[in-house]
Amino acid sequence: MKNIVLFGGGFDPIHFGHINMAEQASKQLNADVVFIPAKISVWKNDSVSPEHKFNMIKLAISESKLKDRFSISTYEIDKSGDEVSYTIDTVRHYKETYPNDNIYLLIGQDQVDKFHLWKEALELSKLAKIVYFGRLDENLNQENIKTYGMTNIAGETNDFSSTKIRELQSLDTFDSVIDYIIENDLYFMKKIGSEMAQNRYEHSKRVAKLAYIIAKTNKIKEPKKALIAALLHDVAKYKDKSREVVEFASYKEEFSDLQPPLYHQIIGADKVQKEYKITDPEIVDAVKYHSTGKANMSDIAKIVYAADKIEPGRGFDSTDLINAMLCSITDGFVTVLKANVEYFKEKGIDYKNRLTQECLNFYLK
Ligand SMILES: [Fe+2]
Ligand SMILES: [Fe+2]
Numbered sequence: 378m379k380n381i382v383l384f385g386g387g388f389d390p391i392h393f394g395h396i397n398m399a400e401q402a403s404k405q406l407n408a409d410v411v412f413i414p415a416k417i418s419v420w421k422n423d424s425v426s427p428e429h430k431f432n433m434i435k436l437a438i439s440e441s442k443l444k445d446r447f448s449i450s451t452y453e454i455d456k457s458g459d460e461v462s463y464t465i466d467t468v469r470h471y472k473e474t475y476p477n478d479n480i481y482l483l484i485g486q487d488q489v490d491k492f493h494l495w496k497e498a499l500e501l502s503k504l505a506k507i508v509y510f511g512r513l514d515e516n517l518n519q520e521n522i523k524t525y526g527m528t529n530i531a532g533e534t535n536d537f538s539s540t541k542i543r544e545l546q547s548l549d550t551f552d553s554v555i556d557y558i559i560e561n562d563l564y565f566m567k568k569i570g571s572e573m574a575q576n577r578y579e580h581s582k583r584v585a586k587l588a589y590i591i592a593k594t595n596k597i598k599e600p601k602k603a604l605i606a607a608l609l610h611d612v613a614k615y616k617d618k619s620r621e622v623v624e625f626a627s628y629k630e631e632f633s634d635l636q637p638p639l640y641h642q643i644i645g646a647d648k649v650q651k652e653y654k655i656t657d658p659e660i661v662d663a664v665k666y667h668s669t670g671k672a673n674m675s676d677i678a679k680i681v682y683a684a685d686k687i688e689p690g691r692g693f694d695s696t697d698l699i700n701a702m703l704c705s706i707t708d709g710f711v712t713v714l715k716a717n718v719e720y721f722k723e724k725g726i727d728y729k730n731r732l733t734q735e736c737l738n739f740y741l742k
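Below, the structure written as structure tokens:
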């Protein structure tokens, strides 16, 4: 007789918290865990195809030490048409398929208080043993716990959130899942790509990948900040240049000596705060000064500045410069800065503005 935990959910997308729940349930119940992505979540509108969800769950599972005990069921996503899928149907299906095994249904602590609203809740609790993940908490609906015979899977709940991932607020999921989101233009990538030209969008992806590798290799504290800032750095580099001029108007006084091709860094930083609701000053500043640089830059800002200039699609062999950044952010940044000065000299471009000058004075003198 086996123990089987059914773990349904939106998984839109899967994050660290989901894997932690599954691992704890597997350990504490000595059970196999079946992830069951919902086709249409009863609680919220989903935003990616079932195939994408499935693929991301697969990637996340493969990162777990308990991966041999984990599997994914397509039972719900295989349902045809617009048919809404209810947990009771899924549990019945599993009970019929595995009549001699113990079936558990894993729910989040947040569902304990709402469980009586689930379709055929009582029947559900007879077919499967309901287990909820989280801390024992006397504020939870004790009536529901008693009525449905719920038991606890002990574990720390945290604020990992699919919503935050979808909105690029924080990326608390595995790198392989993040890569998948970026490569398949899901969630926040759709929004980022919507206003910029295709080549600019592809450039942003390459800058993000490089920035993240540099940040991780140098073991900086929050490498995902570099990734987020790099993804967004050219978010105001529009297809229509006249829009940049219009949006820059309110900054014209403060940055009066900035050349038009550099406007997008200032309006981009504004956009990051207003439209992406990102307030972290390191991320905002990394966007704000990615073209010009400035005096006294953070590691994140240096990484984004450099990755933008040396990403592999820039049309020159940047291997040495990339390696310099991988070895040391401090020294690598100075190397990239020098190379950039040379490049501008060759091209006959002379960006005389306060920010660029301050940056060169600060780092090269
Ligand atoms: Fe830029
Ligand atoms: Fe760029």
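Count the sequence shown with our numbering and you get residues 378 to 742, in order.
Here a beta-carbon is modelled for each residue, glycine too, at the ideal position from N, C-alpha and C.
- The beta-bridge partner set that DSSP reports for T733 is empty.
- The continuous alpha helix (DSSP H) containing P600 extends over residues P600 to L609.
- In this structure, DSSP gives S581 a helical state, which the three-state scheme calls helix.
- In the displayed model, S448 falls within a strand according to three-state DSSP.
- For K614, the shortest separation between its Cβ and any heavy atom of ligand 1 lies below 8 Å.
- Straight across, the Cα-Cα distance linking P476 with F412 is about 19 Å.
- Between the stretch 440 to 455 and the stretch 390 to 399 there are three or more inter-stretch CB-CB distances shorter than 8 Å, so the stretches are counted as touching.
- At least one heavy atom of ligand 1 sits closer than 8 Å to the Cβ of Q642.
- According to DSSP, F632 shares a beta bridge with no other residue.
- The stretch 510 to 526 and the stretch 546 to 555 do not touch, with fewer than three beta-carbon pairs separated by less than 8 Å.
- Closer than 8 Å to some heavy atom of ligand 1: that describes the Cβ of D611.
- Residues V661, D662, V664 and K665 of the same chain have their beta carbon placed closer than 8 Å to that of A646, with the five preceding and five following residues left out of the count.
- The beta carbon of L443 is closer than 7 Å to those of E400 and S403 in its chain, skipping five residues each way along the sequence.
- When rounded, the separation of the alpha-carbon atoms in F551 and E723 is 42 Å.
- Residue pairing by DSSP places V410 opposite V382 and F447 in a beta bridge.
- Of the other Cβ atoms in all chains shown, fewer than 16 fall within 10 Å of the Cβ of D556; this residue is therefore exposed.
- Residue burial annotation: G386 is buried, with at least 16 other C-beta atoms found within 10 angstroms of its C-beta.
- Going by beta carbons, L732 and K648 fall outside the 9 Å limit.
- A distance of 9 Å or more separates the beta carbons of S539 and I677.
- Taking a cut-off of 8 Å on C-beta distances, the stretch 466 to 486 touches the stretch 498 to 511, as three or more cross pairs fall below it.
- In this structure, the beta-carbon distance from K430 to I454 falls below 9 Å.
- Sequence-distant partners of Q486 (beyond 5 residues in either direction) whose C-beta falls short of 8 Å from its own C-beta, in its chain, are Y509, F510, G511, R512, D514, L517 and T534.
- Comparing alpha-carbon positions, the option among G725, K715, Y728 and D727 lying closest to Y740 turns out to be K715.
- Exclusion of the five residues before and after D490 leaves L517, N518 and N521 as the residues of its chain whose Cβ lies within less than 7 Å of its Cβ.
- At a threshold of 8 Å, D662 does not count as near ligand 1, since its beta carbon sits no closer than that to any of the ligand's heavy atoms.
- Here Y682 has H667 and G670 as same chain residues with Cβ atoms under 6 Å from its own Cβ, once five neighbours each way along the sequence are excluded.
- Between ligand 1 and D685, a heavy atom-to-CB distance of less than 8 Å is present.
- I706 is a Cβ neighbour of I597, given a cutoff of 9 Å.
- In chain order, A408, D409, Y475, D478 and N479 place their CB closer than 8 Å to the CB of K379, counting only its own chain and leaving out the 5 sequence neighbours on each side.
- Residue environment for F565: buried (at least 16 other C-beta atoms within 10 angstroms of its C-beta).
- In the DSSP assignment, G511 falls within the beta strand (DSSP E) that extends over K506 to G511.
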